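Engineer: Dropping a structure here in structure tokens format, bear with me for questions.
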Amino acid sequence: MVDLNSLNPQQREAVTTTEGPLLVLAGAGSGKTRVITFRIAHLLDRGVGAERILALSFTNKAAGEMQERVAAMVGKRARGAVLSTFHALGVRFLREEAEAVGLSKGFTILDEGDQRDAVRAALEQLGFSLDRYDPKQVHARISHYKGTLAEPNPRFGGLDAVVHHVLPLYQQRLRALNAVDFDDLIGVPVTAMETNPDVGARWAQRFRYVMVDEYQDTNGAQLRMVKGLVRGHGNVCVVGDDDQSIYAWRGAVAGNILRFDAHFPGAQMIALTQNYRSTNHVLRAANHVIRNNVERHEKTLWSELGDGALLRYALLDDDEEEARWVATDLLGQKRQRALTWRDFAVLYRTNAQSRVVEEGIRQAGIPYRVVGGTRFYDRKEVRDLVGYLRVITNPFDEAAYRRIVNYPPRGVGDVSIQRIGDHARETGEPFWRLVERPERVPDLTPKVQRVLKDLDALLRTYRKRFASEPMEAVCRDLIRALNFADALVRVHKQPRQVRKRLDNVEEVASALRSFRERNPEGTLDDYLARLSLDTRREEDGDADADEISLMTLHGSKGLEFPFVYLVGCEEGLMPHQRVLDGDGEVAEERRLVYVGITRAQRHLTLTGAKRRLKFGKVQYRRPSRFLDEIPEALFEGGRGGTPPAPSEAEREQRNKDAFAEMFATLGGGGGDR
Ligand code: ATP
Ligand code: MG
Numbered sequence: 065m066v067d068l069n070s071l072n073p074q075q076r077e078a079v080t081t082t083e084g085p086l087l088v089l090a091g092a093g094s095g096k097t098r099v100i101t102f103r104i105a106h107l108l109d110r111g112v113g114a115e116r117i118l119a120l121s122f123t124n125k126a127a128g129e130m131q132e133r134v135a136a137m138v139g140k141r142a143r144g145a146v147l148s149t150f151h152a153l154g155v156r157f158l159r160e161e162a163e164a165v166g167l168s169k170g171f172t173i174l175d176e177g178d179q180r181d182a183v184r185a186a187l188e189q190l191g192f193s194l195d196r197y198d199p200k201q202v203h204a205r206i207s208h209y210k211g212t213l214a215e216p217n218p219r220f221g222g223l224d225a226v227v228h229h230v231l232p233l234y235q236q237r238l239r240a241l242n243a244v245d246f247d248d249l250i251g252v253p254v255t256a257m258e259t260n261p262d263v264g265a266r267w268a269q270r271f272r273y274v275m276v277d278e279y280q281d282t283n284g285a286q287l288r289m290v291k292g293l294v295r296g297h298g299n300v301c302v303v304g305d306d307d308q309s310i311y312a313w314r315g316a317v318a319g320n321i322l323r324f325d326a327h328f329p330g331a332q333m334i335a336l337t338q339n340y341r342s343t344n345h346v347l348r349a350a351n352h353v354i355r356n357n358v359e360r361h362e363k364t365l366w367s368e369l370g371d372g373a374l375l376r377y378a379l380l381d382d383d384e385e386e387a388r389w390v391a392t393d394l395l396g397q398k399r400q401r402a403l404t405w406r407d408f409a410v411l412y413r414t415n416a417q418s419r420v421v422e423e424g425i426r427q428a429g430i431p432y433r434v435v436g437g438t439r440f441y442d443r444k445e446v447r448d449l450v451g452y453l454r455v456i457t458n459p460f461d462e463a464a465y466r467r468i469v470n471y472p473p474r475g476v477g478d479v480s481i482q483r484i485g486d487h488a489r490e491t492g493e494p495f496w497r498l499v500e501r502p503e504r505v506p507d508l509t510p511k512v513q514r515v516l517k518d519l520d521a522l523l524r525t526y527r528k529r530f531a532s533e534p535m536e537a538v539c540r541d542l543i544r545a546l547n548f549a550d551a552l553v554r555v556h557k558q559p560r561q562v563r564k565r566l567d568n569v570e571e572v573a574s575a576l577r578s579f580r581e582r583n584p585e586g587t588l589d590d591y592l593a594r595l596s597l598d599t600r601r602e603e604d605g606d607a608d609a610d611e612i613s614l615m616t617l618h619g620s621k622g623l624e625f626p627f628v629y630l631v632g633c634e635e636g637l638m639p640h641q642r643v644l645d646g647d648g649e650v651a652e653e654r655r656l657v658y659v660g661i662t663r664a665q666r667h668l669t670l671t672g673a674k675r676r677l678k679f680g681k682v683q684y685r686r687p688s689r690f691l692d693e694i695p696e697a698l699f700e701g702g703r704g705g706t707p708p709a710p711s712e713a714e715r716e717q718r719n720k721d722a723f724a725e726m727f728a729t730l731g732g733g734g735g736d737r
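In this note's numbering, the protein residues as written are 65 to 737.
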């Protein structure tokens, strides 16, 4: 039995109020996520079947952590409960209902690059100028409409008029590829539940208790998904914090949480007030910043953890200096306080900042992981191999086919591919069938025909093998059969470069093995579905490794660390340049900063640079306005009291220390803990 005594009275009430709609609206670190995990354990204790329980969150990392916490509380009894992201639930839905929604087995989830390509093709086909209409922007607009499940209104003109024409073609194309995009993972299930009574009934009965974390970031489609899932019983518990709503730009609507009882009549509401995460200096800083937003539920964070350390602010000369300062400071803090690397996080506003930060961290010999951003699966060589895997599971996946048909180079030029595409359009015969039978396409040289036939034979062979043999071994054979090594040597002259890339490719085979270990029934198909979600969100990485975490403010939602560095506290980053250019809301940027501050448990360090290199040009920067919103007295030495940047000599010495420490850690197991 889970012990509810480790909860405060409001939390306990939230855990035990299991019937009917319930909203827990509360500030950061007040135990909202904890309520969800305890509820799951409590429901299991009451004898509810695990498979009747669904808990949704936004990132794989958050869903994974929830799984771990629940498993730690109730062990195997949680098996069968669905704790996943909205998108992963969407995948599950489409798998089971593929036929009802008009998809074939093995459908592909297009990644961002492919989604954009599909938009580009549609724009071109309609004769829109690509100079005028950026496929990325058009896609963002499409995504907005899909996220709200609304139709673009051509009368609005501009981009909406374009999207009005592009969208049907884009959808047609996705269908032809037997593919869906990220938004479809929510939108298609919603439409199916709302229009197909059988499907609707099936899913309305499937889960008896539904919970949603970070509810403030749901969009219109996600709201309707939740509604569809609880239609029969209304047992839905959502937790969230309007002050942490940071996805308005992606269609999240604050109204979902603020008007919860309008969407779910009869809803009860519970507020949690005490923060259990942070010391009070950190909380006061957060309170002072967020107070400047006008439209919000007034909440003031407090904790019983004492005042704790004051905040620190360091203003450095440029971004590289900033990164070095953070690295040096981090090393010192770790040693002084006997912390592990896992206790630290460095947060930044934009992905582009990560490179410089990473460099500083790496030079200091600090082990790190980047959560989100350009990751493993975005690397070209990895995407090439994954392209093969995609065509192997889904022969209709034209986007992937185009990617691999001439990589490694086989002498099939764009012209040949274009001819196949044209012929497909003219005759209505599907692209995938033509590449299987290239003799039907006029004007293809015999050599190209032969190459395509060979490729088809290879894909068929591996399709069979993946279905019956251990995936890791088959994948390694595939890498050899494709001769990736040679292809890489031709492009990358340096052996080290080739090695690194080949390692990455081989890593996919290893990933397949560990995937299989975690999911004994998992197919290649399942793996690819997982992957297309992970690449969007974040890499799982090795959760146990002792490394510091680097991530964007968006990626840090829901997480907590004893030591947090918030870098780039400058106008143009916080708030983002877009806002200075008049596009976007200062209030949302402030909420982001609030999210960042409230990640810190005990120590919060803010840094900024006076100069920053951007697009190869030096830019002079001003400190972030949000710094001014934090009272001077909360900073060690005041806001101007920059801790001195280390001198060159000091830096060198600290660098040496870092290496010494690293070796000590490697040899001594555990360093200074
Ligand atoms: P966020 O808004 O950032 O998502 P949250 O409201 O979900 O925060 P949690 O992550 O659930 O907050 O809790 C914050 C921290 O406080 C966690 O470390 C959690 O274990 C701890 N905590 C919450 N409630 C209690 C409690 N009653 N007793 C002890 N620790 C608690
Ligand atoms: Mg939380």
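All C-beta atoms in this analysis are idealised placements derived from N, C-alpha and C, irrespective of residue type, glycine included.
None of these values were measured; they are calculated from a predicted model.
Are the beta-carbon atoms belonging to F122 and D281 less than 8 Å from one another?
Structural biologist: Result yes, Cβ atoms of F122 and D281 sit closer than 8 Å.
Engineer: Between P687 and P695, what straight-line distance do the alpha-carbon atoms span, to the nearest angstrom?
Structural biologist: Their Cα atoms are separated by approximately 15 Å.
Engineer: Going by alpha carbons, who is nearest to L233 out of G586, K674, E188 and G701?
Structural biologist: Checking every option, the nearest Cα to that of L233 belongs to E188.
Engineer: Mind listing, in chain order, the continuous alpha helix (DSSP H) runs of no fewer than 4 residues lying wholly within the stretch 276-353?
Structural biologist: 284-294, 319-322 and 324-327, all fully within the stretch 276-353.
Engineer: In three-state DSSP terms, what is H556?
Structural biologist: Here H556 sits in coil by DSSP.
Engineer: So within the stretch 377-442, which uninterrupted alpha helix (DSSP H) runs reach at least 4 residues, ignoring any that extend past its ends?
Structural biologist: The stretch 377-442 contains these whole alpha helix (DSSP H) runs: 383-401 and 418-427.
Engineer: I'd like the span of the alpha helix (DSSP H) that includes S532, first residue to last.
Structural biologist: P510 to S532 is the extent of the alpha helix (DSSP H) around S532.
Engineer: Work out the CA separation of G95 and K557 for me, nearest whole Å.
Structural biologist: Their Cα atoms are separated by approximately 54 Å.
Engineer: Does the stretch 420-430 come into contact with the stretch 384-401, if we say contact requires no fewer than three beta-carbon pairs (one atom in each stretch) closer than 8 Å?
Structural biologist: Enough Cβ pairs lie closer than 8 Å, so yes.
Engineer: Taking the alpha helix (DSSP H) that P232 falls in, what are its first and last residues?
Structural biologist: Segment G222 to A240, the alpha helix (DSSP H) holding P232.
Engineer: Using only the heavy atoms of ligand 1, determine whether one of them is closer than 7 Å to the beta carbon of K363.
Structural biologist: Not so, every heavy atom of ligand 1 lies at least 7 Å from the Cβ.
Engineer: Grouping DSSP H, G and I as helix and E and B as strand, with all else coil, what is V88?
Structural biologist: Note: V88 maps to strand in three-state DSSP.
Engineer: Across which residues does DSSP place E653 in a beta bridge pair?
Structural biologist: Bridge partners of E653: none, in fact.
Engineer: Hey, is the stretch 150-168 in contact with the stretch 638-647, meaning 3+ C-beta pairs nearer than 8 Å?
Structural biologist: Result no; under three Cβ-Cβ pairs closer than 8 Å.
Engineer: With a threshold of 7 Å (Cβ to nearest heavy atom), would G622 be considered close to ligand 2?
Structural biologist: Correct: G622 has its Cβ closer than 7 Å to ligand 2.
Engineer: May I ask which residues mark the beginning and end of the beta strand (DSSP E) holding S148?
Structural biologist: It spans V146 to T149 - the beta strand (DSSP E) in which S148 sits, taken as one unbroken run.
Engineer: Between G177 and R565, what straight-line distance do the alpha-carbon atoms span, to the nearest angstrom?
Structural biologist: Distance between the alpha carbons of G177 and R565: 20 Å.
Engineer: So is K398 buried or exposed if we call it buried at 16+ other beta carbons inside 10 Å?
Structural biologist: Its Cβ being crowded by 16 or more others within 10 Å, K398 is buried.
Engineer: If you draw a straight line from the C-alpha of R489 to the C-alpha of G429, how long is it?
Structural biologist: Their backbone Cα atoms lie some 55 Å apart in a straight line.
Engineer: Find the nearest neighbour of V420 within the set R563, L677 and L108, judged by alpha-carbon distance.
Structural biologist: It is L677 whose Cα lies nearest to the Cα of V420.
Engineer: DSSP puts F627 in a beta bridge; with which residues?
Structural biologist: Beta-bridge pairing links F627 to F408 and H667.
Engineer: L190: which of H229, S168, T404 and L174 sits nearest, CA to CA?
Structural biologist: Of H229, S168, T404 and L174, the residue nearest in Cα terms is H229.
Engineer: DSSP puts W366 in a beta bridge; with which residues?
Structural biologist: Answer by DSSP bridge pairing, in chain order: Q338.
Engineer: Is it buried or exposed for T491, if we count other Cβ within 10 angstroms and need 16 for buried?
Structural biologist: Exposed, since its Cβ has fewer than 16 Cβ neighbours within 10 Å.
Engineer: Kindly indicate the opening and closing residues of the beta strand (DSSP E) around V79.
Structural biologist: Taken as a continuous stretch (DSSP letters only), V79 belongs to no beta strand (DSSP E), being part of the alpha helix (DSSP H) at P73 to T80.
Engineer: Any idea if L71 is buried or exposed, counting beta-carbon neighbours within 10 angstroms, 16 or more meaning buried?
Structural biologist: Buried: at least 16 other Cβ atoms inside 10 Å.
Engineer: Tell me which residues share the same chain as N470 and place their Cβ nearer than 6 Å to its Cβ, disregarding the 5 neighbours each side in the sequence.
Structural biologist: V476.
Engineer: Inspect the beta-carbon positions of E624 and R582 and report whether they are closer than 8 Å.
Structural biologist: In this structure, R582 does not lie closer than 8 Å to E624 by Cβ.
Engineer: How long is the line joining the alpha carbons of A575 and R443, rounded to whole angstroms?
Structural biologist: Their Cα atoms are separated by approximately 15 Å.
Engineer: Which word fits T343, buried or exposed, when buried means at least 16 other C-beta atoms lie within 10 angstroms of its C-beta?
Structural biologist: Buried.
Engineer: Compute the distance between the beta-carbons of P431 and E611, then report whether it is under 8 Å.
Structural biologist: Result yes, Cβ atoms of P431 and E611 sit closer than 8 Å.
Engineer: Got a sec: does ligand 1 put a non-hydrogen atom nearer than 7 Å to the Cβ of N260?
Structural biologist: Checking the Cβ of N260 against ligand 1 gives no.
Engineer: Does any heavy atom of ligand 2 sit closer than 7 Å to the C-beta of T97?
Structural biologist: At least one heavy atom of ligand 2 is nearer than 7 Å to the Cβ of T97, so yes.
Engineer: Measure the Cβ-Cβ separation of V252 and V274 and say whether it is below 8 Å.
Structural biologist: No, Cβ-Cβ distance for V252 and V274 is not below 8 Å.
Engineer: With a 10 Å radius around its C-beta and 16 neighbouring C-beta atoms as the bar for buried, classify G144 as buried or exposed.
Structural biologist: Per the 10 Å Cβ criterion, exposed.
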